[in-house]
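Visitor: Here you go, one structure.
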């Protein structure tokens, strides 16, 4: 049985978007996929969080992000919301790490319940990954 | 004999990864015997949807380029 797990450790717009695009690719091929959000990645799961994420390079106080967003519209690239929605619709699972939530001072009510399927820590990631033949750290 | 199309997936002007996503969604909501036709303009998806179908063990009936778009037809 094929399976993929992805860790999103980064909290930048481009990296989280990449994680969701790849996640959508896997579930589109019928490969069960779980995305684990930890450390800075948790910011993407905050209410209105994704909108505030900076680019990993050339953010220029948000100007870079704005330019990327305009280009995404121009080239008809799906938004974070659309990608998160389709990932879930195709059976993808989103897991938030509770240990790093504590470290980062993030409360359960700060995060989007509509996106998160489960909460867990490293045990959950390792348990899910032991049968996965693909795992990515972003 | 030509197969009768039971479902059309319109991916015109959609960019990566949406043609793949829409194709998978149509497969998930289909039943055995359904014949699905996917049309789109994103060139890489014309190469990559067949890869996804191969990964899922679904055979392609027809794959062609038309004037403004590509067409992929397969049976569930």
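Protein chains in written order, with this note's numbering: chain A, 53 to 190; chain B, 38 to 113.
Ideal Cβ positions, reconstructed from N, Cα and C, are used throughout, including at glycine.
(1) Look up residue 80(B) in the DSSP assignment and say whether it is helix, strand or coil.
(2) What separation, rounded to the nearest whole angstrom, lies between the Cα atoms of residue 108(A) and residue 145(A)?
(3) Do residue 135(A) and residue 72(A) have their beta-carbon atoms positioned less than 7 Å apart in this structure?
(4) Would you check if the region 111 to 119 of chain A and the region 73 to 85 of chain A touch, i.e. whether three or more CB-CB distances between them fall below 8 Å?
(5) Got a sec, what are the start and stop residues for the alpha helix (DSSP H) residue 226(A) sits in?
(6) Mind listing the chain B neighbours of residue 76(A)? Cutoff is C-beta to C-beta under 8 Å, in chain order.
(7) If you measure between the beta carbons of residue 69(B) and residue 113(B), is that distance less than 7 Å?
(8) So, is residue 93(A) buried or exposed, given that buried needs 16 or more other C-beta atoms within 10 angstroms?
(9) Residue 77(A): buried (16+ other C-beta within 10 angstroms of its C-beta) or exposed?
(10) I believe residue 87(B) touches residue 97(B) by the beta-carbon criterion, under 8 Å. Please report the beta-carbon distance rounded to the nearest angstrom.
(11) For the ligand HEM, I want to know if residue 87(A) counts as a neighbour, meaning its beta carbon is within less than 6 Å of at least one of the ligand's heavy atoms.
(12) With distance defined between alpha-carbon atoms, name the residue in 62(B), 91(B), 107(B) nearest to residue 80(B).
(13) One question on the structure: do residue 56(A) and residue 186(A) come within less than 7 Å of each other, judged by their Cβ atoms?
(14) Is there a Cβ of chain B sitting closer than 7 Å to that of residue 184(A), yes or no?
(15) Should residue 177(A) be labelled buried (16 or more other beta-carbon atoms within 10 Å of its own) or exposed?
(16) If contact is defined by three or more beta carbon pairs under 8 Å, each pair taking one atom from either stretch, is the region 90 to 105 of chain A in contact with the region 154 to 166 of chain A?
(17) With 16 other CB atoms within 10 Å as the buried threshold, where does residue 46(B) fall?
(18) Give the list of continuous alpha helix (DSSP H) stretches no shorter than 4 residues that lie fully inside the region 139 to 172 of chain A.
(19) What did DSSP end up calling residue 105(A) once you bin it into helix, strand or coil?
Guide: Let me spell this out:
(1) The answer is helix: DSSP assigns residue 80(B) an H, G or I state.
(2) In a straight line, the C-alpha of residue 108(A) is about 25 Å away from that of residue 145(A).
(3) yes
(4) no
(5) The first residue shown for chain A is 53 and the last is 190, placing residue 226(A) beyond what the model contains.
(6) 54, 57, 58
(7) yes
(8) buried
(9) buried
(10) 6 Å
(11) Among the components modelled here there is no ligand, and therefore nothing to report on the ligand HEM.
(12) 107(B)
(13) yes
(14) no
(15) buried
(16) yes
(17) It counts as buried.
(18) 150 to 155
(19) coil
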